[in-house]
Amino acid sequence: MASLRIPDKWKSLWDLWDIRVAVLLSLSYQILLISIASLRKRSGNIFLTVFVWSSYLLADWVATFALGLIASGLNDCGKPALDEDLITFWAPFFCITAFSLEDNELWIRHLLQLIIHLLLVAYVFTQSLPNGLWIPISLVYLAGFIKYFERTRSLYLASLATLKTSTLPKPTAGSNYVRLMEARMKLYMGVCKSKDDASIPVDIILAEAIEVEPDHSVKTYLEFEVVQSGYRFFNDFKGLIVDLTYGHREWQKSRDFFFKTSPKDAFRIMEVELNFLYDMLYTKMVVVHKKWGFAFRFVCLGCIVLALERFVSHHHMHHTHIHEVDIYITYTLIIGAIGLDLFGIIKLIFSDWTIAKLENFKSKVVLGLMLFIRKTISLDGKHRWSNSLSQHSLISYCLKEQFKWIEKLVDHFGAMDFLDEILYKNSVHVESDNDLKVLKWIKKAVKCIFRAKEAETVNGDRLKKFIFEELRDKALKAKTSKDAKEICSWRGERPLLEASRSFWSLTESVEVEYDESVLRWHVATELCHLTEDNNDKDESRQFCKILSKYMLYLLIMRPTMMSEVTGIVHIRFQDT
9 MASLRIPDKW KSLWDLWDIR VAVLLSLSYQ ILLISIASLR KRSGNIFLTV FVWSSYLLAD
69 WVATFALGLI ASGLNDCGKP ALDEDLITFW APFFCITAFS LEDNELWIRH LLQLIIHLLL
129 VAYVFTQSLP NGLWIPISLV YLAGFIKYFE RTRSLYLASL ATLKTSTLPK PTAGSNYVRL
189 MEARMKLYMG VCKSKDDASI PVDIILAEAI EVEPDHSVKT YLEFEVVQSG YRFFNDFKGL
249 IVDLTYGHRE WQKSRDFFFK TSPKDAFRIM EVELNFLYDM LYTKMVVVHK KWGFAFRFVC
309 LGCIVLALER FVSHHHMHHT HIHEVDIYIT YTLIIGAIGL DLFGIIKLIF SDWTIAKLEN
369 FKSKVVLGLM LFIRKTISLD GKHRWSNSLS QHSLISYCLK EQFKWIEKLV DHFGAMDFLD
429 EILYKNSVHV ESDNDLKVLK WIKKAVKCIF RAKEAETVNG DRLKKFIFEE LRDKALKAKT
489 SKDAKEICSW RGERPLLEAS RSFWSLTESV EVEYDESVLR WHVATELCHL TEDNNDKDES
549 RQFCKILSKY MLYLLIMRPT MMSEVTGIVH IRFQDT
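Its first residue numbered 9, the sequence shown is counted upward by one per residue in our numbering.
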């Protein structure tokens, strides 16, 4: 049997171009990632998410692979001649890599990867000594170290353990704290049988909050006020992602604020708040948007610019023995790194984080101008989210033709969630009143040309108003903390009370766990929508159906977003 042998011509070609191709490929990945990374938070497309995620993984792999090629190439006598000083200068550029998504808990792995990359670059440098390019190499090495450190630090800060610690309020122990803890320990160990025996030095009194009539005067928010309000709420409530509970003060503050806010502005503020949360979890913003973070940005840029100047001087003196292609590659690397740094600095200056930190800045004109410039150059796009609601229907899932053998094969490789996202998830496009006329005309034209099925759409402004008014109605009833807790524990009692005189015969349907309640109400909503006369003009029916499918999507396909309440949802879903 003949062995599969690579032709010598191809091997020679690879030996000649392997390092050069790896260098250019690594730079291309960095340019690609800084261009498309922000699209992920504005798109619910599973294929785009996978593409961005795999691009980050490949960028890391290409950088490590290229460093290995350079390290081995310096000691390979049979390799085609490459200027050792020059390829050593290329090595530190591989430490300038993009921030990786969705691996916050693996920050220790990235710390080890940082150490390995830096040691590998140092090894390559020492092997090339004496090196005429040692000054630009050292400058790029410093810039790469700063960027890699920022990346590892960001991953550490975004890990759940660190988030839990950082979001805890400052302790206010009080003068009797030690005595109180000792007394509680005696009660716990059984040394004392009652509070009096333990001599607990304090009495705990639960006082009801004073009922305050909310102010219903609605305020209109400018764009920079929306950003600053969203930042304040982000700081106040970011602990929710680690299941931190909040007291009456935060609840009252949030309640009073949104009573004075229109539905449109309320959702704009929440969009900004969620964008800050995304940046905290998946970008380096928390690290770079500090005084020393700004300083490091300019230090990195200065190092690379100085490296360019040093390389130009060296090139003029030693240009005869360096291949022209390698010179072009080096200039491409340096100019590409400078361009990426400049783009990053511009994004940093015109980001929501900068506008939020300028809360005490007096000039509204300057803040408005910053937002106008950002929109003009489209750094963050027109929208902060995907403008779509993901949908999952239990009935459609059961009725859809299922290929059991394919599902078993996919499940064997642990990719069942990915397949479900493709087969059983739909999206409803959320349109604003301003977009409706133009978009409807475009979609009708596309449908006529391509005979495509028109995707479901919903008027976003009216949907947001519907949700906001329902929440405001409940907030009006929650005049005390006790009322608020009771309302939050509702599982559908209110519509049953309003619609049915025989409510008590239906209590069994609502006195269940949260996840089971969502499943039951989803089935009820689907059945009611199918059995009753369909009236397209009744928007409430459409809104209820869309929200029901969205809640089921979160419960089944995004359970981590509802971690405290999901329970045994997947078992219940299969049983249903």
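Idealized CB from N, CA, C, for every residue including glycine.
In this text, all values refer to a predicted model and were calculated from it rather than measured experimentally.
DSSP-derived helix/strand/coil call for residue i
i	result
valine 520	coil
leucine 163	helix
glutamate 464	coil
lysine 227	strand
serine 359	coil
glutamate 439	strand
threonine 253	coil
threonine 269	strand
asparagine 243	helix
arginine 470	helix
alanine 215	Model confidence at alanine 215 stands at a pLDDT of 48, short of 50, so the residue's coordinates are unreliable and nothing is read from them.
threonine 488	coil
asparagine 283	helix
threonine 539	helix
leucine 109	In this prediction, leucine 109 has a pLDDT of 45, which is less than 50 and means its spatial position is unreliable; what the coordinates show is noted afterwards. It is coil, neither helix nor strand.
isoleucine 44	helix
lysine 155	helix
lysine 408	coil
threonine 568	helix
glycine 140	coil
alanine 423	coil
phenylalanine 369	coil
Cβ of residue i within 8 Å of any chain C Cβ
i	result
isoleucine 430	The structure shown has no chain C; it contains just one protein chain.
Assigned exposure category for residue i - 16 Cβ within 10 Å defines buried
i	result
valine 454	Here the model assigns valine 454 a pLDDT of 48, short of 50, so the residue's position is not dependable, and the following value carries that caveat. Per the 10 Å Cβ criterion, exposed.
glycine 238	buried
methionine 293	buried
glycine 152	buried
isoleucine 312	buried
phenylalanine 588	In the structure displayed, the chain extends from 9 to 584; residue 588 sits before or after that span and is not available.
valine 320	exposed
asparagine 283	buried
alanine 206	Here alanine 206 scores only 48 on pLDDT, less than 50, and its place in the model should not be relied on; the value that follows carries that caveat. So alanine 206 counts as buried.
alanine 169	exposed
tyrosine 336	exposed
valine 148	buried
valine 232	With the sequence shown as reference, residue 232 is identified as phenylalanine, and valine is not the correct amino acid for it. It counts as buried.
Beta-carbon proximity of residue i to residue j, cut-off 8 Å
i	j	result
glycine 352	arginine 305	yes
alanine 30	phenylalanine 73	yes
lysine 472	lysine 227	no
tyrosine 558	leucine 397	yes
leucine 119	threonine 160	yes
leucine 33	valine 70	yes
leucine 289	phenylalanine 242	no
serine 440	aspartate 469	yes
glycine 314	isoleucine 346	The sequence shown places leucine at residue 314, not glycine. Contact: no.
phenylalanine 476	phenylalanine 551	no
leucine 141	threonine 96	yes
isoleucine 104	lysine 155	yes
phenylalanine 266	alanine 274	yes
histidine 537	arginine 549	yes
leucine 560	valine 526	yes
alanine 492	tryptophan 259	yes
leucine 348	tryptophan 98	no
valine 438	valine 466	yes
arginine 263	alanine 483	yes
Paired residues, beta bridge with residue i - DSSP
i	result
glutamate 429	DSSP output for glutamate 429 lists no bridge partner at all.
glutamine 399	Asn434
Integer Cβ distance of residue i from residue j, believed to fall under 8 Å
i	j	result
phenylalanine 102	histidine 125	7 Å
serine 401	glycine 52	No, serine 401 and glycine 52 are not in contact; Cβ-Cβ is about 16 Å, not under 8 Å.
arginine 585	histidine 391	The requested residue 585 is not part of the displayed model; the chain covers only 9 to 584.
glutamine 399	isoleucine 554	7 Å
valine 296	glutamate 158	6 Å
aspartate 93	serine 62	That pair is no contact at about 35 Å.
isoleucine 143	isoleucine 78	With a Cβ gap of about 19 Å, isoleucine 143 and isoleucine 78 do not count as contacting.
glutamate 415	methionine 565	Contact doesn't hold; Cβ gap of about 15 Å is too wide.
valine 234	arginine 276	5 Å
leucine 41	alanine 67	6 Å
phenylalanine 133	isoleucine 145	6 Å
aspartate 523	leucine 562	Not quite, the Cβ-Cβ distance comes to about 11 Å (not below 8 Å), so this is no contact.
glycine 344	isoleucine 39	7 Å
leucine 366	leucine 375	6 Å
tryptophan 393	glutamate 281	Rounded, the Cβ-Cβ distance is 11 Å, inconsistent with contact.
isoleucine 330	aspartate 23	Rounded, the Cβ-Cβ distance is 19 Å, inconsistent with contact.
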